[in-house]
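Visitor:
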């Protein structure tokens, strides 16, 4: 008898789960909040979703970034300023989002804002070098997610964390790989904790794309500045030849990067109704669930 009741309960749960996944939500009713929309993936994603009729809530670090985005978007897209390293800024943005979505709740959160920091040999770096990157790439998304969880729960929404293939394999020194490993761990923990409330958590791991984060000149300048501050004895130990070869490795890797615009135009393949928890695309937007199939 108990076995039969258990079986019936499991079947009922499965039926309700499938029924939930068959309920479509028109894009015009779906609010999506995206961080880091001044440039790069964030800006392109905001425009892509705006073109598809979503209610886009785009956060930018700078007023000029917000103004430039608003200028080329429709009236559906709204912008706000957000510094993900500032708890007060996060709280202000959360209140702004709540006022926008009302009782509808937040359908999607895309934690996209990020920085590269210094890509260089670990012995050359300081604690502050790591902290600056972790503050943006790991602690920032954690803070934004926690602030918006009540609104996500309201809509049984989803969280998309933009990490990196370097969140799986630490290919270089610096805080970037460390920060992306941390964000992936947070995503895995969060996924288990919020699943009972109908919230989905996915990770997108872009490969090498040419964006402001991977700008070669910025990375080279940061590496040169890091070298310049080293004690003379350390510079003598490594030698100029080591510096040249290390910089060349960065150039060789990033010169093979796909243009970010290719990612923005990519249509990609359909995903399952329940999106994969982790996607490692060569065309980034093809793997963001609400970018390329009817909403479920």
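In mature numbering (1 follows the signal peptide of the UniProt record, and there is no 0), the protein residues as written are -17 to -1, 1 to 279. Every residue, glycine too, gets a C-beta built ideally from N, C-alpha and C. The structure presented is a predicted model; accordingly, all values stated were derived computationally and were not measured.
Taking contact to mean at least 3 C-beta pairs separated by less than 8 Å, is the stretch 40 to 54 in contact with the stretch 102 to 120?
Guide: Short answer: they don't touch.
Visitor: Using DSSP with H/G/I as helix, E/B as strand and the rest coil, what is residue 244?
Guide: Residue mapping note: residue 244 aligns to position 261 of the chain shown, counting from 1. Any reading at residue 244 needs caution, since the residue's pLDDT is 42, under 50, leaving its predicted position unreliable; the model's value is listed next. Three-state DSSP puts residue 244 in a helix.
Visitor: If you draw a straight line from the alpha carbon of residue 173 to that of residue 220, how long is it in whole angstroms?
Guide: In the chain shown, counting from the first residue as 1, residue 173 sits at position 190. In the chain shown, counting from the first residue as 1, residue 220 sits at position 237. Cα to Cα, the separation comes out at about 44 Å.
Visitor: Report the partner residues of residue 160 according to the DSSP bridge assignment.
Guide: Stepping through the chain shown from its first residue, residue 160 is reached at position 177. Note: residue 160 sits in no beta bridge, so no partner.
Visitor: What is the rounded straight-line gap between the Cα of residue 204 and the Cα of residue 98?
Guide: As a working note, residue 204 is residue 221 in the chain shown. As a working note, residue 98 is residue 115 in the chain shown. Answer to the nearest angstrom: the Cα atoms are 15 Å apart.
Visitor: Please list the terminal residues of the continuous beta strand (DSSP E) segment that includes residue 187.
Guide: As a first step, residue 187 is located in the chain shown; it is residue number 204 there, counting from the start. Residue 187 -> beta strand (DSSP E) spans 183 to 187.
Visitor: For residue 96, count neighbouring Cβ atoms within 10 angstroms of its own Cβ and tell me buried if that reaches 16, exposed if not.
Guide: The residue labelled residue 96 in the question sits at position 113 within the chain shown. Looking at its Cβ environment, which holds 16 or more other Cβ atoms inside 10 Å, residue 96 is buried.
Visitor: From the DSSP output, in three-state form, read off residue 43 for me.
Guide: Position 60 of the chain shown holds residue 43. Strand at residue 43.
Visitor: Which of the three DSSP states is assigned to residue 180 in this structure?
Guide: As a first step, residue 180 is located in the chain shown; it is residue number 197 there, counting from the start. Three-state DSSP puts residue 180 in a helix.
Visitor: Touching or not, the stretch 51 to 63 and the stretch 99 to 110, by the rule of three or more beta carbon pairs under 8 Å?
Guide: Touching, no.
Visitor: Tell me the DSSP secondary structure of residue 267 in three-state form.
Guide: The residue labelled residue 267 in the question sits at position 284 within the chain shown. Note that residue 267 scores 45 on pLDDT, short of 50, meaning its location in the model is unreliable and no value can be drawn from it.
Visitor: Specify, as a first and last residue, the run of the beta strand (DSSP E) that residue 14 falls within.
Guide: As a working note, residue 14 is residue 31 in the chain shown. Segment 14 to 17, the beta strand (DSSP E) holding residue 14.
Visitor: Find out if the Cβ-Cβ distance for the pair residue 185, residue 145 is shorter than 7 Å.
Guide: The residue labelled residue 185 in the question sits at position 202 within the chain shown. The residue labelled residue 145 in the question sits at position 162 within the chain shown. No; because the gap between Cβ atoms is not below 7 Å, this pair is not in contact.
Visitor: Between residue 257 and residue 223, what straight-line distance do the alpha-carbon atoms span, to the nearest angstrom?
Guide: Here residue 257 is taken as the residue at index 274 of the chain shown, counted from 1. Here residue 223 is taken as the residue at index 240 of the chain shown, counted from 1. Confidence in residue 257 is poor, its pLDDT being 36 and thus under 50, which makes the residue's placement unreliable; the coordinate value appears in the next sentence. Taking the straight line from one Cα to the other gives about 52 Å.
Visitor: Given a cut-off of 7 Å on the beta-carbon distance, is the pair residue 32 and residue 55 in contact?
Guide: Within the chain shown, residue 32 is the residue found at index 49, counting from 1. Within the chain shown, residue 55 is the residue found at index 72, counting from 1. Their beta carbons are not under 7 Å apart, which means residue 32 does not touch residue 55 by this criterion.
Visitor: Based on DSSP bridge pairs, tell me the residues matched to residue 61.
Guide: Within the chain shown, the letter at position 78 stands for residue 61. According to DSSP, which records beta bridges pairwise, residue 61 is partnered with 40.
Visitor: CB residue 35 to CB residue 10, shorter than 7 Å?
Guide: Taking the chain shown and counting its residues from 1, the one referred to as residue 35 is at position 52. Taking the chain shown and counting its residues from 1, the one referred to as residue 10 is at position 27. Contact flag set, yes.
Visitor: Do residue 148 and residue 188 count as a contact pair if the criterion is CB distance below 7 Å?
Guide: On the chain shown, position 205 is the one that residue 188 refers to. On the chain shown, position 165 is the one that residue 148 refers to. Yes. Within cutoff.
Visitor: Among the candidates 91, 112, 180, whose CA atom is the shortest distance from the CA of residue 206?
Guide: In the chain shown, residue 206 corresponds to position 223, counting from 1. Closest by alpha carbon: 112.
Visitor: So, at 7 Å on beta carbons, what are the nonlocal neighbours of residue 100 in its own chain, with the 5 sequence-adjacent residues on each side left out?
Guide: Taking the chain shown and counting its residues from 1, one reaches residue 100 at position 117. For residue 100, where only same-chain residues beyond five positions count, the Cβ hits under 7 Å are 112, 115, 116, 157, 158, 159.
Visitor: Which stretch, first to last residue, makes up the alpha helix (DSSP H) that contains residue 141?
Guide: Taking the chain shown and counting its residues from 1, one reaches residue 141 at position 158. Unbroken run through residue 141 is the beta strand (DSSP E), 141 to 145; no alpha helix (DSSP H).
Visitor: My assumption, with CB atoms under 8 Å, is that residue 91 sits in contact with residue 139. Please give the rounded CB distance.
Guide: Position 108 of the chain shown holds residue 91. Position 156 of the chain shown holds residue 139. 11 Å between Cβ atoms; not a contact.
Visitor: Nearest-angstrom Cα distance between residue 168 and residue 125?
Guide: Counting from one through the chain shown, the residue named residue 168 turns up at place 185. Counting from one through the chain shown, the residue named residue 125 turns up at place 142. Going from the Cα of residue 168 to the Cα of residue 125 covers about 11 Å.
Visitor: Measure the CB-CB distance between residue 89 and residue 44 and report whether it falls below 7 Å.
Guide: The residue given as residue 89 occupies position 106 in the chain shown. The residue given as residue 44 occupies position 61 in the chain shown. The answer is no: Cβ separation not under 7 Å.
Visitor: Would residue 20 pass as a contact of residue 13 if the rule is Cβ separation under 7 Å?
Guide: The residue labelled residue 20 in the question sits at position 37 within the chain shown. The residue labelled residue 13 in the question sits at position 30 within the chain shown. No. Outside cutoff.
Visitor: How is residue 80 classed by DSSP in three states: helix, strand or coil?
Guide: The count along the chain shown starts at 1 and reaches residue 80 at position 97. Residue 80 falls in the helix class under three-state DSSP.
Visitor: Take residue 226 as the anchor and find which of 210, 215, 214 has the nearest alpha-carbon.
Guide: Taking the first residue of the chain shown as 1, we reach residue 226 at position 243. Comparing Cα-Cα distances from residue 226 to each of 210, 215, 214, the minimum goes to 210.
Visitor: Please report the distance separating the alpha-carbon of residue 77 from that of residue 23.
Guide: Within the chain shown, residue 77 is the residue found at index 94, counting from 1. Within the chain shown, residue 23 is the residue found at index 40, counting from 1. Distance between the alpha carbons of residue 77 and residue 23 is about 23 Å.
Visitor: Is the CB-CB distance between residue 121 and residue 162 below 7 Å?
Guide: Numbered from 1 along the chain shown, position 138 holds the residue referred to as residue 121. Numbered from 1 along the chain shown, position 179 holds the residue referred to as residue 162. Closer than 7 Å, so yes.
Visitor: Residues in the same chain with beta-carbon distance under 7 Å from residue 70, minus the five sequence neighbours each way, listed in chain order, please.
Guide: The count along the chain shown starts at 1 and reaches residue 70 at position 87. The answer, listed in chain order, is 126.
Visitor: Check whether the Cβ atoms of residue 130 and residue 73 sit closer than 7 Å, and answer yes or no.
Guide: Taking the chain shown and counting its residues from 1, one reaches residue 130 at position 147. Taking the chain shown and counting its residues from 1, one reaches residue 73 at position 90. Result yes, Cβ atoms of residue 130 and residue 73 sit closer than 7 Å.
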